[in-house]
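In our numbering, the protein residues as written are 69 to 260. For each residue, glycine too, the CB sits at the ideal point set by N, CA and C. No experiment lies behind these values; they were computed from the predicted model shown. One structure below.
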């Protein structure tokens, strides 16, 4: 992001990474955060939070590497993994709770958020039996290949406005976010 770290951008007076992590922790479930080894400010942003930090040596090679590393750190007893990029400041705790409730009702499905226009986004919950496929990921396509191989198990979960697809990757996107122009009328500012 031209020198700035998008995960450290301000959301409600705190780094975006911390805000999203606190929202995940508010679900009451264990939270694992994939971190690159060369970004100590991200580690500092999580100071005092009860999360498991997973250092991903090859994180710079793409999201697939981070997912693979995060999945490998999970304990055997989990039934699924919710993947949430930390640059999506409009995702709320209530969204995450809703996903975990859906997973409990049908733990063999992939639950994936969509925006108001049915565009696929995040978060996504993958069932445990797909962890082996997630553990083979590499590159910057994230888990798209796993979703494509398992379309028969995919269930869309609509979220209001652009919450599921609003990720902020450029200074211009952050500026537009701060001004409110990226938030549709159905999407509210971060609240929890």
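- Cα atoms of residue 189 and residue 88: separation of roughly 16 Å, rounded to the nearest angstrom.
- For residue 226, the uninterrupted beta strand (DSSP E) segment begins and ends at 222 to 226.
- Straight-line spacing of the CA atoms in residue 131 and residue 101 works out to 13 Å.
- Taking a contact to require three or more Cβ pairs closer than 8 Å, the region 117 to 130 and the region 186 to 203 do not qualify as touching.
- Using a C-beta cut-off of 8 Å, the region 193 to 206 makes no contact with the region 237 to 250, since fewer than three inter-stretch Cβ pairs fall below that distance.
- Taken through DSSP and simplified to helix, strand or coil, residue 219 comes out as helix.
- Closest in C-alpha terms to residue 230, from the list 215, 219, 223, 248, comes 248.
- Rounded to the nearest whole angstrom, the C-alpha separation of residue 142 and residue 124 is 14 Å.
- Taking 4 residues as the shortest admissible run, the region 169 to 214 contains the following complete alpha helix (DSSP H) segments, listed from N- to C-terminal end: 199 to 202.
- In this structure, 154 is the residue among 154, 213, 140, 135 with its C-alpha nearest to the C-alpha of residue 83.
- Selection 162, 74, 211 evaluated against residue 96 yields 162 as nearest (Cα-Cα).
- Going by DSSP, residue 111 is part of the alpha helix (DSSP H) stretching over 108 to 113.
- Closest in alpha carbon position to residue 152, among 237, 238, 85, is 85.
- Measuring C-alpha to C-alpha distances from residue 184 to each of 236, 192, 232, 122 identifies 232 as the nearest.
- Excluding residues up to 5 positions away in sequence, 124, 127, 128 lie with their Cβ nearer than 7 Å to the Cβ of residue 104 in the same chain.
- Note that the C-beta distance between residue 211 and residue 135 is below 8 Å.
- When only Cα atoms are considered, residue 217 and residue 148 end up about 17 Å apart.
- Listed in chain order, the non-local C-beta contacts of residue 221 below 6 Å within the same chain comprise 177, 178, local neighbours out to five positions each way being set aside.
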